[in-house]
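Participant:
Numbering (full-length UniProt numbering), first residue to last: 1 to 270.
Below, the structure written as structure tokens:
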């Protein structure tokens, strides 16, 4: 059985904004999930403060669950330069939360010129965490694993960008510096073949987002895969079997807790 995370948005953006993440991580726990993905875009500034995230991290520890810190910010700006400020902020938030992963969008990566800069910034953050005093929360002395996700936009959603990124890191001696969140459904927004992407990127995938897609063109939207969904099953067969899988499709609002339990069981065994 694979570890399964529930992405907060599966319960509905409005529900999370109304009740907060802590309420629904308990529902995720009751449904058998191992982890819960916290979404920055579903929080106001107060809830996303470092002190508030430390409090949320305590709720995770009490529930014996691990977390993912997800931000809509991109690792690379539109001009292709590393957005070091966004990376530092995302890591600080993830450390306060005690997250296992910190997930960003890839953004405008377009070449290998900034691979060394990324390595330098991550080395700086790792050294800072290692030197943290004993008065700092324990999770803030560890560097969460940085993963980049394929998004639904052209920028940051093309297979060539990801193969280029990992090739550049390898060429510069930084292979394994960061990993990937592979979103099975998102490739369809950018017209890429998910199975081709799965074969090409499998060595770098450390977290998987699972969802099916309905609609065409810009009017696509995520939905729950059928039990025998051929794309989902084929993609999972090509991706690492020992990495966590995240539920990122909406549950039925009339049976949120039941859907959580049902799909956690299904995805863990898929």
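Using N, Cα and C, we set each Cβ at its ideal position, and we do this for glycine too.
Might you give, ordered along the chain, the residues of its own chain that have their beta carbon closer than 7 Å to the beta carbon of residue 288, omitting 5 neighbours on each side?
Facilitator: A query on residue 288 cannot be resolved here, the shown segment of the chain reaching from 1 to 270 and no further.
Participant: Looking at the secondary structure, which residues open and close the beta strand (DSSP E) in which residue 214 lies?
Facilitator: That run of the beta strand (DSSP E) goes 212-214.
Participant: Can you confirm whether the region 194-202 touches the region 215-235 when touching is taken to mean that 3 or more C-beta pairs between the two stretches lie within less than 8 Å?
Facilitator: Enough Cβ pairs lie closer than 8 Å, so yes.
Participant: Roughly how far, in whole angstroms, is the beta-carbon of residue 9 from the beta-carbon of residue 40, given that I think they are within contact range, below 8 Å?
Facilitator: Incorrect: roughly 11 Å between the Cβ atoms, too far for contact.
Participant: Could you name the residues of the same chain whose beta carbon sits closer than 8 Å to that of residue 172, not counting the 5 residues immediately before and after it, in chain order?
Facilitator: Excluding sequence neighbours, residue 172 sits near 112, 115, 116 and 119.
Participant: Going by DSSP, what residues sit across from residue 158 in a beta bridge?
Facilitator: None; residue 158 has no bridge partner.
Participant: Give the DSSP bridge partners of residue 181, in chain order.
Facilitator: BP columns for residue 181 point to 149 and 207.
Participant: Decide if residue 258 is buried, meaning its Cβ has at least 16 other Cβ atoms within 10 Å, or exposed.
Facilitator: So residue 258 ends up on the exposed side.
Participant: Can you check which of these residues, 93, 151, 267 and 193, is closest to residue 76 by C-alpha distance?
Facilitator: Ranking the options by Cα distance to residue 76, first place goes to 151.
Participant: Please classify residue 241 as buried or exposed, where buried requires at least 16 other C-beta atoms within 10 Å of its C-beta.
Facilitator: Exposed, by the Cβ-count rule.
Participant: Going by beta carbon distance, what residues of the same chain come within less than 8 Å of residue 61, once the five residues before and after it are set aside?
Facilitator: 98, listed in sequence order.
Participant: Span of the alpha helix (DSSP H) holding residue 64?
Facilitator: Segment: none, residue 64 is in no alpha helix (DSSP H) and carries neither H nor E.
Participant: Which residues in the same chain have their Cβ closer than 8 Å to the Cβ of residue 271, if we skip the five residues on either side of it in sequence?
Facilitator: Here the chain comprises residues numbered 1 to 270, so residue 271 is not present and cannot be evaluated.
Participant: Pick from 190, 209, 157 and 174: whose alpha carbon is nearest that of residue 182?
Facilitator: Residue 182 has its Cα closest to that of 209, out of 190, 209, 157 and 174.
Participant: Could you have a look at residue 74 and say whether DSSP puts it in helix, strand or coil?
Facilitator: The answer is strand: DSSP assigns residue 74 an E or B state.
Participant: Between which two residues does the beta strand (DSSP E) containing residue 246 stretch?
Facilitator: Counting along the chain, the beta strand (DSSP E) containing residue 246 begins and ends at 245-247.
Participant: In the DSSP assignment, find the unbroken beta strand (DSSP E) run with residue 39 in it and report its ends.
Facilitator: Per DSSP, residue 39 belongs to the beta strand (DSSP E) from 35-39.
Participant: So, helix, strand or coil for residue 104, using DSSP?
Facilitator: Correct three-state label for residue 104: strand.
Participant: Name the two residues that bound the continuous alpha helix (DSSP H) containing residue 4.
Facilitator: Element bounds for residue 4: not the alpha helix (DSSP H) but the beta strand (DSSP E), 4-7.
Participant: I need the boundaries of the alpha helix (DSSP H) containing residue 230, first residue and last residue.
Facilitator: Looking at the DSSP string, the run of the alpha helix (DSSP H) that includes residue 230 is 230-238.
Participant: Can you name, in chain order, every residue of its own chain whose Cβ lies under 8 Å from the Cβ of residue 144, other than the five neighbours on each side?
Facilitator: So the list reads 69, 91, 94, 95, 99, 100, 101 and 102, once near-sequence residues are dropped.
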